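Heads up: the sequence lines are chains A and B, in that order.
Per this note's numbering, the first sequence starts with residue 99, numbered consecutively.
Per this note's numbering, the second sequence starts with residue 99, numbered consecutively.
Heads up, the beta-carbon is just placed ideally off N, CA and C, and yes, glycines get one too.
All of these numbers come straight from a predicted model, not from anything done at the bench.
Have a look at the structure below, then the notes.
2 protein chains.
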Amino acid sequence: MSGAVELVTAGILVIGDEILSGRTKDRNIGYIAEYLTGIGIDLREVRVVPDIEDEIVGAVNALRARYTYVFTTGGIGPTHDDITADSIAKAFGVPIHVDPRARAMLLEYIKPEDLNEARLRMARIPAGAELVPNPVSKAPGFWIGNVIVMAGVPTIMQAMLDQVAPKLRTGVQVLSETVRANAREGDIGGPLKLIAEAHPDVTIGSYPFLDEDGRPNSNLVVRSRDPEKLAAAVAAVRAMAAAIPRR
Amino acid sequence: MSGAVELVTAGILVIGDEILSGRTKDRNIGYIAEYLTGIGIDLREVRVVPDIEDEIVGAVNALRARYTYVFTTGGIGPTHDDITADSIAKAFGVPIHVDPRARAMLLEYIKPEDLNEARLRMARIPAGAELVPNPVSKAPGFWIGNVIVMAGVPTIMQAMLDQVAPKLRTGVQVLSETVRANAREGDIGGPLKLIAEAHPDVTIGSYPFLDEDGRPNSNLVVRSRDPEKLAAAVAAVRAMAAAIPRR
Numbered sequence: 099m100s101g102a103v104e105l106v107t108a109g110i111l112v113i114g115d116e117i118l119s120g121r122t123k124d125r126n127i128g129y130i131a132e133y134l135t136g137i138g139i140d141l142r143e144v145r146v147v148p149d150i151e152d153e154i155v156g157a158v159n160a161l162r163a164r165y166t167y168v169f170t171t172g173g174i175g176p177t178h179d180d181i182t183a184d185s186i187a188k189a190f191g192v193p194i195h196v197d198p199r200a201r202a203m204l205l206e207y208i209k210p211e212d213l214n215e216a217r218l219r220m221a222r223i224p225a226g227a228e229l230v231p232n233p234v235s236k237a238p239g240f241w242i243g244n245v246i247v248m249a250g251v252p253t254i255m256q257a258m259l260d261q262v263a264p265k266l267r268t269g270v271q272v273l274s275e276t277v278r279a280n281a282r283e284g285d286i287g288g289p290l291k292l293i294a295e296a297h298p299d300v301t302i303g304s305y306p307f308l309d310e311d312g313r314p315n316s317n318l319v320v321r322s323r324d325p326e327k328l329a330a331a332v333a334a335v336r337a338m339a340a341a342i343p344r345r
Numbered sequence: 099m100s101g102a103v104e105l106v107t108a109g110i111l112v113i114g115d116e117i118l119s120g121r122t123k124d125r126n127i128g129y130i131a132e133y134l135t136g137i138g139i140d141l142r143e144v145r146v147v148p149d150i151e152d153e154i155v156g157a158v159n160a161l162r163a164r165y166t167y168v169f170t171t172g173g174i175g176p177t178h179d180d181i182t183a184d185s186i187a188k189a190f191g192v193p194i195h196v197d198p199r200a201r202a203m204l205l206e207y208i209k210p211e212d213l214n215e216a217r218l219r220m221a222r223i224p225a226g227a228e229l230v231p232n233p234v235s236k237a238p239g240f241w242i243g244n245v246i247v248m249a250g251v252p253t254i255m256q257a258m259l260d261q262v263a264p265k266l267r268t269g270v271q272v273l274s275e276t277v278r279a280n281a282r283e284g285d286i287g288g289p290l291k292l293i294a295e296a297h298p299d300v301t302i303g304s305y306p307f308l309d310e311d312g313r314p315n316s317n318l319v320v321r322s323r324d325p326e327k328l329a330a331a332v333a334a335v336r337a338m339a340a341a342i343p344r345r
């Protein structure tokens with residue numbers, strides 16, 4: 099592999115007071131991160147903001163200017179604290195109304211007599227957005243510009259991501275190999291730094307852990323889009339680790 | 099309670115490629131969020147950035163200008179990818195050297211002959227910072243200006259937070275009560291909005307869940323620093339929920 103590789107990048111925006119209060123523990127960031135890595139999209143940044151319009155608008159506009167895609171989670175339900183759709187419309191400067199396509203989707207799940215004002219909130223979609231189908235509970239997400247708006251409930255978010263993924267521009271997948279060093283981080287930090295400097299097209303991360311014998315150990319994660327460069331760096335890391343006395 | 103309440107706010111900055119690649123699932127955000135809520139500090143924003151100096155510097159400077167405190171996690175180990183301390187020094191425009199106090203702490207855990215250049219990296223502390231002791235593995239965190247720099251390993255981060263907490267300015271704790279609505283979100287969205295509008299000094303969040311009978315249900319979380327206003331809003335929410343037919 100050689101030449102310029104097109105990088106496809108992403109940011110995540112998690113919207114919700116319940117994450118910031120600690121009441122709900124986020125499970126979407128790690129899931130989306132792993133998913134994007136798997137399809138060759140580089141997740142570059144995550145932000146978590148409260149249910150406050152100005153905060154959402156500011157974060158969406160900052161992230162969409164920087165990355166190929168922005169994925170948001172949360173705030174698209176039927177209650178007064180669900181202000182994501184209106185905030186996204188404001189960020190893009192477009193009107194927002196009940197979308198007939200979204201309304202029809204809701205009616206697959208909700209009886210016409212139950213389609214009250216609160217539930218119709220879930221059909222409010224910024225003008226110009228494409229819908230993201232929700233196979234779980236019908237109320238759709240949407241895609242406007244480079245921003246993809248998804249539910250906060252993990253099962254629904256995951257189903258929406260499956261709907262969106264085939265339409266995303268994807269990059270060359272980052273290849274990754276993990277070398278178990280059988281050594282303490284502090285014993286390999288010096289030689290590892292030299293290897294990192296000699297292999298500028300790979301990134302090497304060092305992650306300490308306690309191994310099955312209760313001893314401090316290190317996983318060295320080598321990452322690159324180029325298989326040959328990856329292999330060269332991995333060989334250097336393996337040789338280095340093998341030369342460090344275990345203790 | 100009446101009059102102005104001093105608000106103490108915070109941001110979290112998670113530093114690490116491994117979180118953005120999905121290889122490591124963050125467990126610190128939720129822990130810190132709950133901890134801060136418990137001592138009356140409002141967590142307002144979280145960001146996750148990669149191990150890139152410019153990204154760390156930019157995020158630290160954005161967050162420290164906005165909030166009373168900024169808590170960072172990750173990037174203070176002995177390897178080349180641990181660049182948090184240097185990035186924080188750059189953000190504050192101060193020099194960074196091996197700190198004799200931090201070196202002494204390391205020597206409580208590490209034999210003098212093992213204190214190589216890599217391990218001494220963990221004693222590099224920006225000028226003017228106070229140290230945050232690390233009861234687990236000695237290598238300290240630090241506190242400079244309003245920024246508190248902690249380890250990424252959850253057990254160590256948690257021990258550092260316990261060291262720091264008694265020195266933090268804390269606010270009046272937010273009181274919270276959860277009302278189980280025994281109703282679908284879409285059935286309560288309308289009346290709940292009216293209650294939220296009538297009680298501007300409380301925030302009301304609605305969180306759907308599937309209950310033990312497999313039926314869609316909703317938890318309504320009412321939050322306020324004022325116990326009387328909280329009680330009034332909770333009473334209104336309970337009365338509303340009781341009036342919605344269960345189905």
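- Contact annotation: the segment 246-259 of chain B touches the segment 163-177 of chain B, with at least three C-beta pairs closer than 8 Å.
- Listed in chain order, the beta strand (DSSP E) elements of length 3 or more contained wholly in the segment 182-211 of chain B are 194-196.
- Counting along the chain, Pro343/B sits inside no beta strand (DSSP E), nor does DSSP assign it H or E at all.
- Among the residues facing chain B, His178/A is included, as its CB has a counterpart in that chain under 8 Å away.
- Here Gly239/B is bridged, per DSSP, to Val230/B.
- In the displayed model, Asn214/B falls within coil according to three-state DSSP, outside both helix and strand.
- Scanning its chain for C-beta atoms nearer than 8 Å, with the 5 sequence neighbours on each side dropped, one finds around Asp184/A the residues Glu151, Ile194, Arg222, in chain order.
- Nearest to Gly284/A by C-alpha distance, out of Tyr129/B, Asp180/B, Gly114/B, Ala157/B, is Asp180/B.
- Under the three-pair Cβ rule at 8 Å, the segment 119-132 of chain B counts as touching the segment 107-125 of chain A.
- Nearest to Ile113/A by alpha-carbon distance, out of Ala216/A, Met255/A, Pro306/A, Met203/A, is Met255/A.
- Within the same chain, and ignoring the five residues on either side of Leu105/B in sequence, the residues whose Cβ sits closer than 7 Å to its Cβ are Asp140, Gly269.
- For Leu118/B, the nearest beta carbon of chain A is closer than 8 Å to its own beta carbon.
- Within the segment 104-132 of chain A, the residues whose Cβ lies closer than 9 Å to some Cβ of chain B are Ile110, Val112, Gly114, Asp115, Glu116, Ile117, Leu118, Ser119, Gly120, Arg121, Thr122, Lys123, Asp124, Arg125, Ile127, Gly128, Tyr129, Ile130, Ala131, Glu132, listed in chain order.
- The DSSP-derived three-state label of Ala157/B is helix.
- Residue burial is scored here from C-beta neighbours: Gly312/B has fewer than 16 other C-beta atoms within 10 angstroms and is therefore classed as exposed.
- Per DSSP, reduced to three states, the secondary structure at Gly284/A is helical.
- Residue pairing by DSSP puts Asp140/B in a beta bridge opposite Thr107/B.
- For Ser322/B, the closest Cβ of chain A is not nearer than 8 Å.
- Scanning Val144/A, Asn159/A, Asp324/A for the CA closest to the CA of Gln271/A turns up Asp324/A.
- Rounded to whole angstroms, the separation of the alpha carbons of Leu118/A and Glu206/A is 34 Å.
- If only uninterrupted beta strand (DSSP E) runs of at least 3 residues are considered, those enclosed by the segment 250-323 of chain A are 273-278, 301-308, 314-322.
- Residue-level contact check: Val147/B touches chain A, since one or more beta carbons of chain A fall below 8 Å from its beta carbon.
- Residue range 245-248 is occupied by the beta strand (DSSP E) that includes Ile246/B.
- For the pair Arg162/A and Leu273/A, the Cα-to-Cα distance works out to about 26 Å.
- Shown here for Val158/A: same chain residues with a beta carbon closer than 8 Å to its own, the five before and five after excluded, namely Leu111, Val168, Thr170, Ser185, Ile186, Ala189, Val245 in chain order.
- In chain order, Pro224, Ala225, Gly226 place their CB closer than 7 Å to the CB of Val192/B, counting only its own chain and leaving out the 5 sequence neighbours on each side.
- Pro224/A carries a strand assignment under DSSP once its states are collapsed to helix, strand and coil.
- Neighbours of Ala294/A in chain B, taken as residues at a C-beta separation under 8 Å, are given in chain order as His178, Asp179.
- Contact annotation: the segment 286-304 of chain B does not touch the segment 225-239 of chain B, with fewer than three C-beta pairs closer than 8 Å.
- Distance from the CA of Arg219/B to the CA of Val196/B, rounded to the nearest whole angstrom, comes to 7 Å.
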